[in-house]
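Trainee:
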Amino acid sequence: MPDTVTKEVVDAFYDAFVKPDGEKLAALVHDDVRWTTRGPIDVLRFCGTHHGKAQVLELATKTLPTVFTDIKLVRESLVIDGDRAAALNFQTAQRRADGRVITYRFAHFFRFMDGKVIETTTIIDTFNAAEQVLGHALPRDGALTPPGATPPALDDLVFL
Amino acid sequence: MTLKPDASGPVVDRAFIEAYFNAFAARDTEVFAQYLHDDVRWTISGPIDVIPYCGVHHGKAAVIDVMARRARNVLGITHIAREQFLVQGNQGAALTRLTAQLRADGRTISYRIANFFRFLDGKLIENVSLMDSFDAAEQVLGHVIDVDDAPPLANGNIALL
Numbered sequence: 001m002p003d004t005v006t007k008e009v010v011d012a013f014y015d016a017f018v019k020p021d022g023e024k025l026a027a028l029v030h031d032d033v034r035w036t037t038r039g040p041i042d043v044l045r046f047c048g049t050h051h052g053k054a055q056v057l058e059l060a061t062k063t064l065p066t067v068f069t070d071i072k073l074v075r076e077s078l079v080i081d082g083d084r085a086a087a088l089n090f091q092t093a094q095r096r097a098d099g100r101v102i103t104y105r106f107a108h109f110f111r112f113m114d115g116k117v118i119e120t121t122t123i124i125d126t127f128n129a130a131e132q133v134l135g136h137a138l139p140r141d142g143a144l145t146p147p148g149a150t151p152p153a154l155d156d157l158v159f160l
Numbered sequence: 161m162t163l164k165p166d167a168s169g170p171v172v173d174r175a176f177i178e179a180y181f182n183a184f185a186a187r188d189t190e191v192f193a194q195y196l197h198d199d200v201r202w203t204i205s206g207p208i209d210v211i212p213y214c215g216v217h218h219g220k221a222a223v224i225d226v227m228a229r230r231a232r233n234v235l236g237i238t239h240i241a242r243e244q245f246l247v248q249g250n251q252g253a254a255l256t257r258l259t260a261q262l263r264a265d266g267r268t269i270s271y272r273i274a275n276f277f278r279f280l281d282g283k284l285i286e287n288v289s290l291m292d293s294f295d296a297a298e299q300v301l302g303h304v305i306d307v308d309d310a311p312p313l314a315n316g317n318i319a320l321l
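As they're listed, the protein sequences go chains A and B. The first sequence begins at 1 in my numbering and counts up one residue at a time. The second sequence begins at 161 in my numbering and counts up one residue at a time.
#1: Ordered along the chain, which non-local residues of its own chain (more than five positions away) have a Cβ less than 7 Å from that of V18/A?
#2: Please report whether the beta-carbon of L157/A lies at a distance below 9 Å from any beta-carbon of chain B.
#3: Checking contacts by CB at 9 Å: is L320/B closer than that to chain A?
#4: For a contact defined as C-beta to C-beta under 7 Å, what are the partners of A297/B on chain A?
#5: Quick check on G252/B - is its C-beta less than 9 Å from some C-beta in chain E?
#6: By the 10 Å Cβ neighbour count, where 16 or more other Cβ atoms means buried, how is K53/A classified, buried or exposed?
#7: Can you look up I177/B in the DSSP assignment and give me helix, strand or coil?
#8: Candidates H239/B, A254/B and Q244/B: which alpha carbon is nearest A260/B's?
#9: Just curious, the alpha helix (DSSP H) that A264/B is in, first and last residue?
#10: In chain A, which residues lie less than 8 Å from L290/B when you measure between Cβ atoms?
#11: At 3 residues or longer, what runs of the beta strand (DSSP E) sit wholly inside the segment 215-261 of chain B?
#12: Beta carbon of V262/B, beta carbon of T268/B: below 9 Å?
#13: Just to confirm, are D199/B and G219/B a CB contact at a threshold of 9 Å?
#14: Excluding the five sequence neighbours on either side, which residues of its own chain have a C-beta within less than 7 Å of the C-beta of S293/B, listed in chain order?
#15: Let's test the definition: count the other Cβ atoms within 10 Å of the Cβ of G266/B and tell me whether it reaches 16, buried, or not, exposed.
#16: Could you spell out the range, first to last residue, of the beta strand (DSSP E) harbouring D199/B?
#17: Comparing C-alpha positions only, which one of F184/B, I224/B, P212/B and D173/B sits nearest to L301/B?
#18: Let me know if S168/B comes out buried or exposed under the rule of 16 or more other beta-carbons within 10 Å of its beta-carbon.
#19: Alpha carbon to alpha carbon, how far is T122/A from F109/A? Give it in angstroms, no decimals.
#20: For F276/B versus V288/B, is the C-beta distance shorter than 9 Å?
#21: If you measure beta-carbon to beta-carbon, which residues of the segment 14-39 of chain A are closer than 7 Å to chain B?
#22: With distances taken Cα to Cα, identify the nearest neighbour of Y182/A among D3/A, A107/A, T103/A and T126/A.
#23: Can you confirm whether R201/B, when its beta carbon is compared against all beta carbons of chain A, has any partner nearer than 9 Å?
#24: Within the same chain, show all residues whose beta-carbon is closer than 7 Å to that of D295/B, passing over the 5 residues directly before and after it, in chain order.
#25: Using Cβ-Cβ distances below 7 Å, what residues of the segment 54-82 of chain A are close to chain B?
#26: Name, please, each residue of chain B whose Cβ falls closer than 7 Å to the Cβ of A12/A.
#27: Quick check on the burial criterion: 16 or more other C-beta atoms within 10 angstroms. Buried or exposed for I41/A?
#28: Whether or not the segment 88-101 of chain A and the segment 4-12 of chain A are in contact is what I'm after, with contact meaning three or more pairs of Cβ atoms, one per stretch, closer than 8 Å; do they touch?
#29: Could you check which residue in I285/B, L246/B and G215/B has the C-alpha nearest to that of R174/B?
#30: If you draw a straight line from the C-alpha of A97/A to the C-alpha of E190/B, how long is it?
#31: Using a threshold of 9 Å, state whether the C-beta atoms of F127/A and A297/B are closer than that.
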């Protein structure tokens, strides 16, 4: 029977990760953690798989502070089920290099073992994130128009 | 938009949520429609000029239209692999891998989707779908998106998480 993770543990993890507080984070991450972020690694270099506590701590305590300041997360949903937790977050941060504010939504799917994160899969709205990080729109050459369909009418264009 | 945690809300039976999600994953419009609240809000994050059914869809009729017509105009789903499925109270979250054929040219595309959803009065009131939209857009476009004019990556051109 797997452990049941609590909201308090998830909250503590996010608090340590965003600050970042390496000491507290180390206590909440399993030595054998596997941290996978889906996305274009040539634009968003943090994407890919990070394996082991040292790599995850480096991501949180070294990479992050050199990239962003004033990070804020708004949690839109948290679902806890046994040893797993899924969180939907909206991130706002300032890009340290030029002060631009970058916002995007991402989801974490966690698995915990012994009260520590052992596995994380991250899903980001990567098209949106990449455009903001690059500072310009990505090319849409070949954008899809379904067979027999006309381009979207104005009332189809509902923005987030 | 926020899927507000609703600790005071009634707990929805897990089997009920499973049945809802199975109908959604199977794109069984008739059964799926029975689970929708009249005031449902359905959000699909992504570039709407590349993937036309992305955006915010409000109301039962609009959500059914997305499933039954707008999404099907773009792709025909061949498989949904469920990787994670969590239920708590009146909320759920799922991580799935969608495989589909594009209607336009028959190419097969595949990408992961996260769904977060909430029930009210036994009906689905809110869903947020989040995908690796860069990957999905490249597959829909059929080519690599040119990011050559990206600024250097070494000193700070990195987003997080």
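Every residue gets a Cβ at the ideal spot worked out from N, C-alpha and C, and that includes glycine.
Mentor: In short:
#1: Setting aside the 5 residues that flank it on each side, V18/A is surrounded in the same chain by I71 and L73, each with a C-beta closer than 7 Å to its C-beta; the list follows chain order.
#2: Residue placement at L157/A is flagged as unreliable, the pLDDT there being 33, under the threshold of 50; a coordinate-derived value is accordingly withheld.
#3: Since pLDDT at L320/B reaches only 42, below the 50 mark, its modelled position is unreliable, and no value is offered.
#4: Annotation: Cβ neighbours of A297/B in chain A (cutoff 7 Å, chain order): F127.
#5: Here chain E cannot be found, since the structure's protein chains are A and B.
#6: With 16 or more Cβ atoms within 10 Å of its Cβ, K53/A is classed as buried.
#7: In the structure shown, I177/B sits in a helix (DSSP, three-state: H, G or I).
#8: Of the candidates H239/B, A254/B and Q244/B, H239/B places its Cα closest to the Cα of A260/B.
#9: No residue range can be given for A264/B, since it is assigned to no alpha helix (DSSP H) and is classified by DSSP as neither H nor E.
#10: Here the neighbours are L88, R105, F106, A107, I123, I124 and D125.
#11: Listed in chain order, the beta strand (DSSP E) elements of length 3 or more contained wholly in the segment 215-261 of chain B are 215-218 and 235-248.
#12: It is worth fixing the name first, because residue 262/B is Leu in this sequence and not Val. Contact: yes.
#13: In this structure, D199/B places its C-beta atom within 9 Å of the C-beta atom of G219/B.
#14: Correct list, in chain order: S205, G206 and P207.
#15: Only exposed fits G266/B, as fewer than 16 other CB atoms lie within 10 angstroms of its CB.
#16: DSSP places D199/B in the uninterrupted beta strand (DSSP E) bounded by L196 to I204.
#17: Considering only alpha carbons, the answer is P212/B.
#18: Unreliable placement is indicated for S168/B, whose pLDDT of 46 sits below 50; the coordinate value is still reported in the next sentence. Exposed: under 16 other Cβ atoms inside 10 Å.
#19: Those two C-alpha atoms are separated by around 6 Å.
#20: With respect to V288/B, F276/B sits close: the two C-beta atoms are nearer than 9 Å.
#21: So the close ones are T37, R38 and G39.
#22: The structure shown has nothing for residue 182/A, since chain A only spans 1 to 160.
#23: By this cut-off, R201/B is not an interface position.
#24: By the criterion of a C-beta distance shorter than 7 Å, D295/B is surrounded in its chain by Y271, once the five residues flanking it on both sides are discounted.
#25: Of all residues in the segment 54-82 of chain A, T63, L64, T66, V67, F68, E76, S77, L78, V79, I80 and D81 have a Cβ within less than 7 Å of some Cβ in chain B.
#26: Within 7 Å Cβ-Cβ: nothing; A12/A doesn't reach chain B, min ~17 Å.
#27: Answer is exposed; the Cβ neighbour count stays below 16.
#28: Short answer: they don't touch.
#29: Nearest C-alpha to R174/B: L246/B.
#30: If you take the alpha carbons of A97/A and E190/B, they lie about 51 Å apart.
#31: Yes, Cβ-Cβ distance for F127/A and A297/B is below 9 Å.
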